[in-house]
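Protein sequence lines correspond, in order, to chains A and B. Numbered according to the working numbering, the first sequence spans residues 11 to 233. Numbered according to the working numbering, the second sequence spans residues 11 to 233.
Number of protein chains: 2
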Amino acid sequence: MGVKERRQREKTQVREKILDAALEFFAREGVEGVTMRALADAIEYSPPVIYAHFRDKDAIIRELCNRQIRGLAQAFSTFGALDPVERLRRIGYAYTDFAVEHPSHFRFLFLTEHALPDELGDDPEQNAYAFLKQTVKDGLAAGVFRAGYTDAEEIAQLCWGGAHGLVALHNIKAEASWIEWRDARTSARRLIDATLDGIVKPEAAKRAARPASRRAPVRRSSR
Amino acid sequence: MGVKERRQREKTQVREKILDAALEFFAREGVEGVTMRALADAIEYSPPVIYAHFRDKDAIIRELCNRQIRGLAQAFSTFGALDPVERLRRIGYAYTDFAVEHPSHFRFLFLTEHALPDELGDDPEQNAYAFLKQTVKDGLAAGVFRAGYTDAEEIAQLCWGGAHGLVALHNIKAEASWIEWRDARTSARRLIDATLDGIVKPEAAKRAARPASRRAPVRRSSR
DNA sequence: CAGAATGCCTAACGGCGTTAAGTATTTGAA
DNA sequence: TTCAAATACTTAACGCCGTTAGGCATTCTG
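Printed below as a string of structure tokens:
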């Protein structure tokens, strides 16, 4: 009796259709471009069908964002073998790249408040932060930070904040004509470098591997 | 014939009542807590009356925010006599203090996209940015920045981004239980100090006056 | 005192997320 | 094969929202 299996398969297919349609609207027009009625139109069902697959609209967006940020968290983990300072740098770069490449996802995840998922354990966003914090702890153990920086939690927050600021502003104020925006990727990297220079000891920064590719020109323009 | 005057006076009184009520809702619940119907209830008029005073809801919020940020821009201008580096530091501190003290205003101004006012000339937000840029130019003229920092616009954006990041995250993620937030004011100051250390030459940082009050404990907790 | 202008209201429009209620269709067992 | 139960899906609605149309008083102007 493959009935159950077929039904399950059909159900996940519809679920994927919803997510596909949602992603298209979301990437193009942000969270406000995703409406349940437009979604229903796109998948050729009536609106209530969506609620058989997702608790509410927020759950759809969160699923989209979690899928993207999972990749970011995985990228973080590939930096595990590097020197702590260089690892921090790479984490920052990956974060700002994510912000520039997925502005809608970034906005939803880090520029708006939204209810947390029920299952807190395996939230990729949380994992990424935990990885950052672990990196800071490794750095503390290696004594790379300047005098006065002893609290891992605080240092992690400083690093996150340092990487976050510029891409956040760029995301929100990209249309402001009174700012002559520079390339967001390049500026973000410069800010991360400067912040790290301000936090870590000079000799630790020197000690960290600095491959030439790190300062190579970025691929695309900022918008 | 004081009729016109009286009418004008009555009109501005109603306008102020709208703004007062809006500020109360806005400060407590953010932009979503301000609804035209609730506003109408509060001022004891029907909703359409509001449209005789403001083009739309956005204009109300913008007026509230402009009033607050005007104070910030004025605070900036009092730093004009200081050494450029110290001026940058004070600008950053004032910015993050504003973010912590007026979270709803800060969120609307710097964490969400919204239409710009028609009159671009005297936008305080724009003025504040212009002041920051001028300070950077003064710093460039005094040669305080490290090698590689030559673009005033970019440096201004780095400074803004450096101050912005942590308070922005704190504003949006204050409820996230997986972050053990440190005091936002203190952390923001540390991040600003670190970023400046990374951008300006060490001797220029030393040269800048560093009053003891700058590192004094802040007045209130972060929320 | 007529006519114009103003102030203010009720009612509605079209949008949103979400839910209730009902009707087909499909399923699994008697 | 028949029949009840479960499932899939629909239309219609609820209660919000920002905003606007239309109309009734009141007030001002000449």
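All residues carry an ideal CB built from backbone N, CA and C; glycine is no exception.
query	result
Select from B:N181, B:T196, B:L33 and B:I209 the residue whose C-alpha is nearest the C-alpha of I202 of chain A.	B:I209
Comparing C-alpha positions only, which one of A:F141, A:L92, A:D51 and A:R77 sits nearest to H112 of chain A?	A:R77
List, in chain order, every chain A residue whose beta-carbon is nearer than 9 angstroms to that of D68 of chain B.	Residues of chain A passing the Cβ test: none, with the nearest at roughly 14 angstroms.
Go to V13 of chain B, then tell me how far its alpha helix (DSSP H) extends in each direction, as first and last residue.	V13 to E39
Determine the extent of the alpha helix (DSSP H) in which H174 of chain A is found, giving its start and end residues.	A162 to K183
Flag this pair as yes or no: are the beta carbons of P134 of chain B and I70 of chain B separated by less than 7 angstroms?	no
Distance cutoff 7 angstroms, beta carbons only. Does L150 of chain A sit that close to anything in chain B?	no
Where does A178 of chain B land, buried or exposed, given buried means 16+ other C-beta within 10 angstroms?	buried
Can you tell me which of A:F120, A:R19 and A:L74 puts its alpha carbon nearest to the alpha carbon of T106 of chain A?	A:F120
Looking at the unbroken alpha helix (DSSP H) that takes in Y159 of chain B, where does it start and where does it end?	Note, Y159 of chain B: premise wrong, no alpha helix (DSSP H); not H, not E.
Check the Cβ-Cβ distances between Q78 of chain B and every residue of chain A, and say whether any is below 7 angstroms.	no
Where S231 of chain B and A214 of chain A are concerned, what is the direct C-alpha to C-alpha distance, given to the nearest angstrom?	Below a pLDDT of 50, predicted positions are generally treated as unreliable, and S231 of chain B, at 41, falls in that range; the measurement from the model is reported next regardless. Rounded to whole angstroms, S231 of chain B to A214 of chain A spans 33 angstroms at the Cα level.
Going straight from the alpha carbon of A37 of chain A to that of A109 of chain A, what length do you get?	13 angstroms
Rounded to the nearest angstrom, what separates E300 of chain B and T145 of chain B at their Cα positions?	This structure gives no information on residue 300 of chain B, because the portion of chain B shown stretches from 11 to 233.
Go ahead and pull the three-state DSSP assignment for V44 of chain B.	coil
Can you tell me the Cα-Cα spacing of Q167 of chain A and G102 of chain B, whole angstroms?	17 angstroms
Roughly how far, in whole angstroms, is the beta-carbon of E123 of chain A from the beta-carbon of I182 of chain B, given that I think they are within contact range, below 8 angstroms?	6 angstroms
Residues bridged to V210 of chain A by DSSP?	A:F155
Can you give me the Cβ contacts of V59 of chain A inside the same chain, cut-off strictly under 6 angstroms, excluding the 5 residues immediately before and after it?	none
Is there a Cβ of chain B sitting closer than 7 angstroms to that of Q167 of chain A, yes or no?	yes
Tell me which residues share the same chain as Y139 of chain B and place their Cβ nearer than 8 angstroms to its Cβ, disregarding the 5 neighbours each side in the sequence.	A166 and W170
May I have the straight-line CA-CA distance separating M46 of chain A from K67 of chain A, to the nearest angstrom?	7 angstroms
Buried or exposed for V41 of chain B, please, with buried defined as at least 16 other CB atoms from any protein chain shown within 10 angstroms of its CB.	buried
Just the chain B side, please: which residues come within less than 7 angstroms of D51 of chain A by C-beta, in chain order?	Correct list: empty, because the minimum Cβ distance to chain B is about 26 angstroms.
I want to see whether chain A comes within less than 7 angstroms of L33 of chain B, judged by CB atoms only; does it?	no
Less than 7 angstroms between the C-beta atoms of F13 of chain A and V95 of chain A, yes or no?	For the sequence presented, residue 13 of chain A should be read as Val rather than Phe. Their beta carbons are not under 7 angstroms apart, which means V13 of chain A does not touch V95 of chain A by this criterion.
Along the chain, where does the alpha helix (DSSP H) containing A109 of chain B start, and where does it finish?	P94 to E111
Might you give, ordered along the chain, the residues of its own chain that have their beta carbon closer than 7 angstroms to the beta carbon of F89 of chain B, omitting 5 neighbours on each side?	R97, R100 and I101
Do T205 of chain B and A194 of chain A have their C-beta atoms closer together than 7 angstroms?	no
Where does R192 of chain B sit, in a helix, a strand or coil, going by DSSP?	coil
Contact defined as beta carbons within less than 8 angstroms: I believe A31 of chain B pairs with A52 of chain B. What is the distance between those atoms, to the nearest angstrom?	4 angstroms
Are the CB atoms of I104 of chain B and A85 of chain B nearer to each other than 7 angstroms?	The amino acid occupying residue 104 of chain B in the given sequence is Ala; Ile does not appear at that position. Closer than 7 angstroms, so yes.
Just checking: is the beta-carbon of I101 of chain B within a distance shorter than 7 angstroms of some beta-carbon in chain A?	no
Look at the alpha carbon of D234 of chain A and the alpha carbon of G158 of chain A, and state the distance between them as a whole number of angstroms.	No information on residue 234 of chain A is available, as it lies outside the stretch 11 to 233 that chain A covers here.
Quick one: what does DSSP say H115 of chain B is sitting in, helix, strand or coil?	helix
Taking C-beta to C-beta, are L152 of chain A and L176 of chain A nearer than 7 angstroms?	Before going further, note that residue 152 of chain A is Ala rather than Leu in the sequence given. Contact flag unset, no.
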